[in-house]
Each structure stands twice: as C-alpha cells, then as structure tokens.
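Numbering (the working numbering), first residue to last: 4 to 449.
For glycine and all other residues, C-beta sits at the position ideal for the given N, C-alpha and C.
Values in this document were obtained by computation on a predicted structure and should not be read as measured data.
A short write-up of the structure that comes next.
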C-alpha cells in the first residue's frame with residue numbers, strides 16, 4: 004500500500020491534523036505515528052500504530068498500490084464534461100435590476116425583458132432537452148439582473164412548462180433562484196411551494212450596513228427587513244423536492260472590512276428559522292480581494308465559527324469536492340439570455356459581442372464552434388495544478404479565467420491567490436466546523 008498523493012499534514016504540539024482532499028476526510032494522529040509514516044513508511048506504521056494505520060486506510064490516506072487517483076480525477080472530469088448526471092440550464096429573464104449595489108459587476112440593461120418569441124424558444128429548448136436527455140434531474144437556474152422583475156410574465160410560465168415536461172419524461176425539476184429577494188412576497192412564495200425551489204439570497208451585513216449597499220434605484224430605500232422576512236417565510240413554506248440533497252436557502256454574505264462585525268446581528272434576526280434548510284456562504288467582495296490583513300483573518304475565522312456554533316452549515320472560499328471547475332465546462336450547459344443569445348459564464352456581464360451561440364426556434368442552439376472549443380478543455384492539465392494537493396477540491400481555474408489569462412503563468416489565476424487565508428488556516432477552520440456539526444459543540448484545534 005502507499006500514501007495518497009493528496010494527503011496534507013498540519014503538525015501541532017501534541018497532534019497532527021491530517022486532511023485528504025480526494026476523500027474529503029480529516030483524521031487526527033499522534034506526532035509519533037506521523038513520524039513513523041513519514042520516515043519509515045506505510046508498512047512500519049501498520050506494525051507500530053495499527054489503529055492509526057486502520058483509520059488512515061478507512062479514510063483514504065493510505066491506498067492500494069494499484070490505485071491511480073489522478074487517473075480517476077481525469078476520468079470523472081471527462082465524464083462530467085461530456086455526460087453529466089444532471090442537466091443544467093440558466094435563464095436570464097432580464098439584465099435589469101431594481102437595486103443598485105456598488106460592487107455589482109453586471110452592466111444593467113434598462114428595459115431588457117425576454118420577448119414572447121424567446122420565451123417560446125426557451126420552452127421548446129426545455130422540451131427538447133427533457134425528451135432527449137436520459138438524466139433524471141433538470142436544474143433550472145434563474146439569474147439576472149433580478150429574475151423576479153418578470154416573475155409573472157417569464158419565470159412562472161417557464162416553471163410551469165419545465166415541471167410539465169419533467170413529469171412527462173420522468174425527471175425531477177430543481178428550480179434555483181439567484182435573487183436579491185426584495186421583490187418576493189407571500190403570494191409568490193405560496194405559488195412556488197409546489198415547485199420546491201432553492202435560493203441564493205445575499206445579505207451585505209446587518210441592517211444598517213446592508214441598507215447602505217442594497218438599496219432601491221427608485222427610492223434609495225433599504226431592503227434588509229423585507230429580505231429577512233422573506234428568508235424566514237421561504238424556510239417555513241418551501242420543502243426539499245425529489246433530487247435535492249442540499250439546502251433550501253444559501254445566504255450569501257458578501258463581506259468587506261466592515262461586514263463581519265454584523266454576523267451576530269444577522270443570526271439574531273434569523274432566530275427561529277429551520278437551520279437544516281439554510282447554508283451560509285461567506286464571499287469577499289471582489290473589489291477588496293487581496294487587501295486582507297491579520298485583523299480581517301481573525302474576524303473571518305470568528306464569523307465562520309460563530310455561525311457554525313449556532314447550528315448552521317457554513318462555507319467559505321472556492322474549495323469543495325467537485326468534478327469540474329465550473330458548470331461552464333459541461334458541454335451541454337447553456338445560459339439563455341433575455342435576447343436569445345447564448346453564453347457559458349455568468350460571472351461576467353453578458354455582452355452581445357461575446358455571445359457563444361444563439362437560441363433557434365427549432366429548439367436547438369447554434370454554437371460558435373471556435374468559442375465552444377475554448378470551453379472544452381481540461382482546466383487542470385498544467386504543472387501547477389497537477390502538483391497541487393488540493394486538486395480534487397478545485398479542478399483548476401475555471402475555463403473563463405484560462406481564456407482571459409491566455410498564455411500567462413497559471414499561478415496568476417490559481418484559487419489560492421484569492422483566498423483570505425492559507426491552506427493550513429483554511430483546513431483548520433473547516434475541521435473545527437466539521438467537529439461542531441458532528442458533536443454540536445465547539446472544538447478548537449489550538
């Protein structure tokens with residue numbers, strides 16, 4: 004047997020935290036067992052520390068000599084890119100928004116609204132997708148702009164059509180809304196219950212700070228109390244549908260130097276919510292990436308651990324076991340914009356001159372072959388990624404960054420460059436969070 008290449012060891016005074024990024028497993032071992040493994044090898048460890056050896060085998064740190072984990076990663080990546088188990092489709096009903104958040108990368112297109120023609124073409128595309136695909140799940144994402152600007156005219160008709168086609172073809176529909184939630188009301192929530200949707204809703208801090216960022220274009224009015232009310236209502240009314248193994252609501256907290264001070268206020272305002280339906284994702288505002296200091300690192304760690312200590316699932320950063328760096332690498336994945344143009348990346352403003360295809364009336368997409376070839380790449384086939392012990396949790400930079408980076412060093416766009424903490428700190432925090440989830444108590448590595 005041999006050590007997995009994807010072992011990461013973090014020694015401390017009287018213990019060693021071990022993480023395997025391939026199996027996504029943590030184990031704590033003694034310094035003596037660690038030294039035996041590193042200096043004398045697997046066979047010696049089996050004799051001198053048999054229980055530790057067994058734990059490391061069971062958790063994927065020690066594997067059979069015949070196993071090529073990189074080959075498995077390559078095969079799983081290829082399978083997901085060419086023949087995924089889920090059909091993904093994203094729809095922009097509009098590129099306009101009712102709010103004006105200072106950091107938003109989107110260029111809002113006033114009066115943009117999906118026409119009846121594009122709506123019908125989108126319905127036809129969904130019908131064709133459901134009939135031809137053998138996958139059992141359709142994940143239909145609504146993005147923008149703010150999708151609920153045209154809930155009645157576009158979103159709801161698409162939901163009804165997609166559900167009908169999924170039922171007809173023995174599939175499960177998972178609608179996903181990326182929304183500011185300011186336009187959601189109780190009537191809409193009640194209408195959505197039968198679709199079992201999931202949501203990503205953003206908060207920018209406690210009430211005062213949030214209302215200085217997420218304000219209405221028309222009135223400069225804040226949105227915090229309404230969004231909190233809708234999060235509570237959604238958690239009460241919406242249940243998980245077939246095929247949905249995750250949460251109902253991801254509360255994304257876009258943080259900068261001030262936001263993390265408000266975490267306790269946000270948790271207080273959500274008192275009484277079903278925590279099993281909620282996931283917190285903390286993401287640094289992209290304009291402030293790279294400006295983190297020691298105090299900010301401390302605040303981030305405290306925020307993550309506080310959220311976990313209150314019984315919520317919480318995440319931070321770009322890592323997590325996956326088969327592709329981004330759905331954009333999946334050959335069948337498409338973003339249908341309100342004007343019928345097709346794109347792959349929703350992390351950039353959808354500009355007409357950068358479209359990657361067009362939706363046709365015959366329920367198909369006419370792709371730009373040159374653009375599509377750029378997406379059909381293996382994002383990690385470079386020395387930097389292949390030598391990285393976090394590869395299974397990352398799968399390299401996304402295809403969009405690789406396209407934009409051209410022939411520059413891949414290190415410029417490595418995910419580690421955009422993290423607020425190094426790998427050691429990241430894994431220690433994640434371990435503490437995992438221990439809290441398992442034991443419902445705090446657990447410190449220190």
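### Query
Per DSSP, what kind of secondary structure is residue 147 in: helix, strand or coil?
Coil.
### Message
Please state the DSSP three-state secondary structure of residue 217.
### Response
Of the three classes helix, strand and coil, the one that applies to residue 217 here is coil, per DSSP.
### Message
Quick test of your reading: residue 295 and residue 423, contact by CB under 8 Å. State the CB separation rounded to the nearest angstrom.
### Response
Under the criterion of beta carbons closer than 8 Å, residue 295 and residue 423 qualify as touching, at roughly 5 Å.
### Query
Can residue 359 and residue 345 be called in contact, C-beta distance under 7 Å?
Taking 7 Å as the Cβ cut-off, residue 359 and residue 345 qualify as a contacting pair.
### Task
Could you spell out where the beta strand (DSSP E) holding residue 67 opens and where it closes?
Annotation: residue 67 is outside any beta strand (DSSP E) and is labelled neither H nor E by DSSP.
### Query
Expressed to the nearest angstrom, what Euclidean distance is found between the alpha-carbon atoms of residue 102 and residue 150?
If I take the Cα positions, the gap works out to 12 Å.
### Task
Using DSSP bridges, identify the partner residues of residue 286.
Residue 286 is bridged by DSSP to 257.
### Query
From what residue to what residue does the alpha helix (DSSP H) around residue 9 run?
Counting along the chain, no alpha helix (DSSP H) covers residue 9, and no H or E run does either.
### Query
Can you give the Cα-Cα distance for residue 256 and residue 216, rounded to whole angstroms?
Inter-residue distance for residue 256 and residue 216 is about 12 Å (C-alpha atoms, whole angstroms).
### Task
Classify residue 322 as helix, strand or coil using the three-state DSSP reduction.
Three-state DSSP puts residue 322 in coil, outside helix and strand.
### Message
Between which residues of its own chain and residue 189 is the CB-CB distance below 7 Å, once the five residues before and five after are set aside?
### Response
Closer than 7 Å at Cβ, skipping near neighbours: 236.
### Query
Does DSSP put residue 347 in a helix, in a strand, or in coil?
If DSSP states are grouped into helix, strand and coil, residue 347 belongs with coil.
### Query
Looking only at its own chain, which residues have a Cβ that is under 8 Å from the Cβ of residue 353, when we skip the five neighbours before and after it?
Closer than 8 Å at Cβ, skipping near neighbours: 95, 98, 338, 340, 344 and 346.
### Task
Leaving aside the five residues before and after residue 76 along the sequence, list all residues of the same chain whose C-beta is less than 7 Å from its C-beta, in chain order.
Hits under 7 Å: 394 and 395.
### Query
What residue range is occupied by the uninterrupted alpha helix (DSSP H) comprising residue 53?
Annotation: the continuous alpha helix (DSSP H) that includes residue 53 extends over 53 to 61.
### Query
What span of residues does the beta strand (DSSP E) with residue 178 cover, start to end?
175 to 182 is the span of the beta strand (DSSP E), which, as asked, contains residue 178.
### Span of the beta strand (DSSP E), counted from its first residue to its last, around residue 204
From DSSP, the beta strand (DSSP E) with residue 204 extends over 201 to 206.
### Message
For residue 406 and residue 100, I'd like the C-alpha separation in whole angstroms.
### Response
Within the model, the alpha-carbon separation for residue 406 versus residue 100 is close to 28 Å.
### Message
Can you tell me which residues form a DSSP beta bridge with residue 21?
### Response
For residue 21, which the question treats as bridged, DSSP gives the partners 12 and 30.
### Query
The alpha helix (DSSP H) spanning residue 438 covers which residue range?
Start and end: 426 to 442.
### Query
Are there 16 or more other CB atoms within 10 angstroms of the CB of residue 10, so buried, or fewer, so exposed?
Buried is the call here.
### Query
What are the residues that DSSP puts in a beta bridge with residue 91?
As a beta-bridge residue in DSSP terms, residue 91 pairs with 142.
### Query
Tell me, which residues are paired with residue 370 by DSSP?
Under the DSSP definition of a beta bridge, residue 370 partners with 360.
### Query
Is it right to say residue 74 is buried, meaning 16 or more other beta carbons lie within 10 angstroms of its own, or is it exposed?
Burial call: exposed.
#### Entry: Which listed residue (185, 4, 159 and 233) has its alpha carbon closest to that of residue 198
Selected option, being the one with the closest Cα: 159.
### Query
Excluding sequence positions up to five away, which residues of its chain have a Cβ less than 8 Å from the Cβ of residue 129?
Excluding residues within five positions, the ones whose Cβ falls inside 8 Å are 92, 141, 143, 161, 164, 165 and 168.
#### Entry: Per DSSP, the bridge partner or partners of residue 252
Bridge partners of residue 252: 202 and 281.
### Task
Going by CA-CA distance only, name the one from 399, 304 and 183 that's closest to residue 229.
When only C-alpha atoms are compared, the closest one is 183.
### Query
Who are the Cβ neighbours of residue 370 in its own chain at under 8 Å, not counting the five residues just before and after it?
Beyond the five residues adjoining it in sequence on each side, residue 370 comes within less than 8 Å, by CB distance, of 345, 359 and 360 in the same chain, given in chain order.
### Message
Please state whether the Cβ-Cβ distance between residue 278 and residue 323 is less than 7 Å.
### Response
Not in contact: residue 278 and residue 323 (Cβ atoms no closer than 7 Å).
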